[in-house]
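What follows is a single structure, written as structure tokens, with notes after it.
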Amino acid sequence: MGSDPHQLSLLQGFGTPKNAPGTSPAAATNPVAQVLIETSLPHLDRIFDYVVPEALDAEAVPGARVKARFGGQEMSGFITRRTSNAPEGVKLAPLAKVVSAQPVLTDELLRLATAVAERYAGNVSDVLRAAIPARVAKVDKEFAARPEQPVAPDATSADGAGYPEPSAGAAEAYAGYEGAGDFLAQLAAGAAPRAVLASHKSYGRASWAAQVAHAVASVRQSGRGAVVVVPDAKDLASLEAELQQVLGADQYVRLTAEDGPTPRYRNYLRLLHGEVTVAVGTRSAAYAPVQDLGLVALWDDGDDLLLEQRSPYQHAREVLLLRSAQSGCAALFAGVSRSGEVERLVGSGWASALTPSRPFLRKATPRILNTADSFQQERDPMLRHARLPHAAWRAAQEGLERGPVLVQVARTGFSPALSCQDCRTPARCTDCNGPLAQSGRTATPACRWCGRLATNYACPECGSHRLRASVAGALRTAEELGRAFPGATVVSSSGDHIKSVVESKNALVVATPGAEPVAPEGYAAALLLDGNAMLSRESLRTPEDVLRKWFRAASLVKPSSEGGLVVVTADQEAVVAPLVRWDPAGAAAREMQLRRELQLPPAVRIAALTGKASGIEAFMADFELGGSLRSVGPVELPSREVQERPGESSEHRLLLFFSYQDGPKVTAALRHRKAALAAKRVPDPVQVRCDGIDLL
DNA sequence: GTGCGAGTATGA
DNA sequence: CATACTCGCACC
């Protein structure tokens, strides 16, 4: 070909009146669309330019979802900008079509997704996949027909004459919390305070949900919007109940996968167009396109549901932290317990702690009793051989006269119940008739009720000594306990049968952690039964996680002034102590102190490289360690394959440890390396995952 | 993934 | 010397 090919194509692209047959003229102004292609290939995760044909000019707005020919195939992407100048030295392909003219990728969202991708050494388009709901054609039509009405949705609409002063409701929700009034006032005044809220209740007027709802109401007084993220549907229901009280049902939208594509997309567009300015939902709601954002809030950040399950495995807390930094808005992290990450925010002074005062807490929280406590055991020598620990038994019995009683049991699989290998008769404790279970890693089965070890168990039916694991979820436990407490209505909540609310006064509610229904008046008592089994899990995170589950259950129980009592049965007194004292902040501070000394997360950041040993070696070949960056491994992972194929090398994992300060540098380098290797298509690709809490 | 150009093998 | 084919890599 004789002449310069770029020259030729540019002339064509810019629409000289007479074009080659088949090419349509380009748009008159800003004929170039910068498009972010949706791909999970790291080296292609960037912006490419296309010519906008005149026919697509009107629809091809920044933020629109489009299709474009890329490489061999037509791929989808989003227009990030329209510009006038084409890049030098490339010939531009035309945009194939505009899928939807709704500008779903806003500037702000692109900036956020980019920051998240950088933080996690991942792809921008992977982040966007979680952030932008699937398009629904009929919803597009609704919005196309609707006259553009960027209503100022501010303090005028629902609140009528403005928000009813530092409302009575807000005062009640935050009673006992020093500094709360100031925090709310700052929100209302348009400032951007950042706080870590130590909620103590999960029901009633002073619940975390009420507290968060009032924070949202305050920020709305300043005319700004808010985003609230919660781990699951049950928490969302609690929050929505309060928001309806405080704001009104039409003043917010929910964004959650559970609603299905149509309402989710509709709500997304309503936010996008400023029809509503408050978004609540599960983890993907962190990206909600709220206009004029004033507050991001997160409830219970320790819940692992907030961790995205797809690459780059981002956590809603980090997303919201990045977002609040970018938009300079207020931030609120609420929880009954406190995660290590949030403790860092308090420790560094980034956020202030909103904590109820000691004397207030003493009255407002239930009494906590540890039956495994040596002091208790001395006073109650019957304990080891009683049926349920005596104290637990009595707490339940007496509690049932005053209200519902919660029994928290470990999830199925944590401590599978045992039955006879030969005749399938359920294995029972010879002392108390409770179910036997394999708890943790100890070989000897133990009674789940009294904890007694069943050494040398013999089946009462056939005399066999062999035991097999059988599934005993909350359902089975409920059955067992129902027999133990005749007269009580036994309710079970776990797995896919989660109940949000329990109304019955004399219900014995058996629930797994995270599935506990709310009792509107509070539980009279709670028994936290499987502490030892839960604590036996081998993970760096275990104590924090178990404590979190206990605190959440305990926050559902009436205060001690109304007879509320929590009985916990666990041997590790160091873990139980903060619960007994109701001191989540102290527990988090101590745990973080330990982590800092050991240089373990979340005091430092980590990245895990997973893949074939050869792949990891290639990845690390000219990767510079230094500064705070150190590497551990690689170690071979226990293979999940039933049979390792000969010649096929197994998966390995290398861990990188680095400081938060060096984080951006390290993740940028990881990302760069990933892209370079992917472009070269070196064999044995390596998966990079940052700050996976379940890795250690 | 796929199309394309460079480079190389192959046959007339 | 012309044509067939593979390989690598850019992809707007």
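With the numbering used here, letter number 205 in the first sequence gets 190, and the count goes up by one each step, no holes. Every residue gets a Cβ at the ideal spot worked out from N, C-alpha and C, and that includes glycine. Fair warning: this is a prediction, and the values are worked out from it, not measured in the lab.
Using 10 angstroms around the beta-carbon of Trp284, count the other beta-carbons present and answer buried if the total reaches 16, otherwise exposed. Trp284 counts as buried, since no fewer than 16 other beta carbons sit within 10 angstroms of its beta carbon.
Going by DSSP, name the residue or residues bridged to Cys444. Answer is none; Cys444 lacks a bridge partner.
Measure the CB-CB distance between Val109 and Thr99 and report whether it falls below 7 Å. Yes; because the gap between Cβ atoms is below 7 Å, this pair is in contact.
My guess is that Glu621 and Ser635 are in contact by the Cβ rule of under 8 Å, so how many angstroms apart are they, rounded? In this structure, Glu621 and Ser635 form a Cβ contact; the two beta carbons are roughly 5 Å apart against a cut-off of 8 Å.
Measuring CB atoms only, is the region 385 to 397 touching the region 479 to 496, in the sense that at least three cross pairs come out at less than 8 Å? With the cut-off at 8 Å, the region 385 to 397 and the region 479 to 496 touch.
Would you list the residues sitting across from Ser337 in a DSSP beta bridge? Bridge partners of Ser337: Ala180.
Leaving out five residues on either side along the sequence, give the residues of the same chain with a beta carbon under 8 Å from the beta carbon of Arg104. Excluding residues up to 5 positions away in sequence, Gln299, Glu303, Leu307, Gly648, Pro649, Thr652 and Cys675 lie with their Cβ nearer than 8 Å to the Cβ of Arg104 in the same chain.
Taking contact to mean 3 or more Cβ pairs, one atom from each stretch, closer than 8 Å, check whether the region 555 to 565 and the region 593 to 610 are in contact. Segments in contact, no.
Three CB pairs or more closer than 8 Å across the region 167 to 177 and the region 309 to 324: Flag = yes, the region 167 to 177 and the region 309 to 324 touch.
Would you mind working out which of Leu583, Pro623, Asp42 and Glu326 sits nearest Glu529, comparing C-alpha positions? Glu529 has its Cα closest to that of Glu326, out of Leu583, Pro623, Asp42 and Glu326.
So, for Leu525: in the same chain, excluding its five sequence neighbours on each side, which residues have a beta-carbon less than 8 Å away from its beta-carbon? Taken in chain order, the residues that qualify are Leu585, Pro586 and Leu681.
Thinking C-alpha only, which one of Asp217, Ala78, Gly62 and Ala40 is nearest Gly693? Here the chain covers residues -14 to 681 and nothing more, so residue 693 does not appear.
Enclosing alpha helix (DSSP H) for Phe604 [first to last residue]: DSSP places Phe604 inside the alpha helix (DSSP H), whose first and last residues are Ala598 to Met605.
Mind checking which residues open and close the beta strand (DSSP E) that includes Gly516? Gly516: not part of any beta strand (DSSP E); member of the alpha helix (DSSP H) spanning Gly516 to Leu520, first to last residue.
Write down every uninterrupted run of the beta strand (DSSP E) in the region 535 to 596 whose length is 3 residues or greater and which is fully enclosed by it, in chain order. You should have 550 to 553.
Does DSSP put Asp34 in a helix, a strand or coil? Three-state result, Asp34: strand.
DSSP bridge partner residues for Leu512 (one or two, in chain order): DSSP lists Val392 and Val552 as partners of Leu512.
If you draw a straight line from the alpha carbon of Ala143 to that of Val215, how long is it in whole angstroms? Caution applies to Ala143, whose pLDDT of 43 falls short of 50 and renders its modelled position unreliable; the value that the coordinates give is listed next. Those two C-alpha atoms are separated by around 24 Å.
Counting only the same chain and skipping the five closest in sequence on each side, list residues whose C-beta sits under 7 Å from that of Glu328. The beta carbon of Glu328 sits closer than 7 Å to those of Ala573, Ala574 and Met577, all from its chain and outside the five residues before and after it, given in chain order.
Decide if Val17 is buried, meaning its Cβ has at least 16 other Cβ atoms within 10 Å, or exposed. Buried, by the Cβ-count rule.
Ala316 lies in the alpha helix (DSSP H); which residues open and close that run? Looking at the DSSP string, Ala316 is not in any alpha helix (DSSP H); the run it does join, the beta strand (DSSP E), is Ala315 to Gly320.
Pull up the CB-CB distance for Arg255 and Val238, whole angstroms please, since I reckon it's below 8 Å. That belief holds up - the Cβ atoms of Arg255 and Val238 are roughly 6 Å apart, short of 8 Å.
According to DSSP, Cys405 sits in a beta bridge with which residue or residues? According to DSSP, Cys405 bridges with Leu452.
Just mark Ala661 as buried or exposed, buried being the case when its beta carbon has 16 or more other beta carbons within 10 Å. It counts as exposed.
Please classify Thr356: is it buried, with 16 or more other beta-carbons within 10 angstroms of its beta-carbon, or exposed? Under this definition Thr356 is a buried residue.
Who pairs with Gln58 in a beta bridge, going by DSSP? Answer is Phe55, bridged to Gln58.
Buried or exposed for Gln294, please, with buried defined as at least 16 other CB atoms from any protein chain shown within 10 angstroms of its CB. The residue in question, Gln294, is exposed, as its Cβ has fewer than 16 Cβ neighbours within 10 Å.
Any idea what DSSP makes of Leu610, helix, strand or coil? Of the three classes helix, strand and coil, the one that applies to Leu610 here is coil, per DSSP.
Where Ala165 and Leu339 are concerned, what is the direct C-alpha to C-alpha distance, given to the nearest angstrom? Rounded to the nearest whole angstrom, the C-alpha separation of Ala165 and Leu339 is 6 Å.
Among Glu523, Val542, Ala195 and Ala211, which has the Cα closest to the Cα of Pro351? Among Glu523, Val542, Ala195 and Ala211, the Cα nearest to that of Pro351 belongs to Val542.
Straight-line gap, Ala492 to Val552 (C-alpha atoms, nearest Å): Their backbone Cα atoms lie some 17 Å apart in a straight line.
Beta-carbon within less than 8 Å of Pro505's beta-carbon, same chain only, minus the 5 sequence neighbours each way: which residues are those? Tyr188, Gly189, Val486 and Glu488.
Would Val617 and Leu583 qualify as a contact pair, given that the criterion is a beta-carbon distance under 7 Å? No. Outside cutoff.
Does Thr527 come out as helix, strand or coil in the three-state DSSP assignment? Reduced to three states, the DSSP call for Thr527 is helix.
Less than 7 Å between C-beta atoms, sequence neighbours within five positions excluded: which residues of the same chain meet that for Lys659? Non-local C-beta neighbours of Lys659 in its own chain, meaning closer than 7 Å and more than five positions away in sequence, comprise Pro27, Ala106 and Val673, ordered along the chain.
Beta-carbon gap between Ala319 and Ser184 smaller than 7 Å: Taking 7 Å as the Cβ cut-off, Ala319 and Ser184 qualify as a contacting pair.
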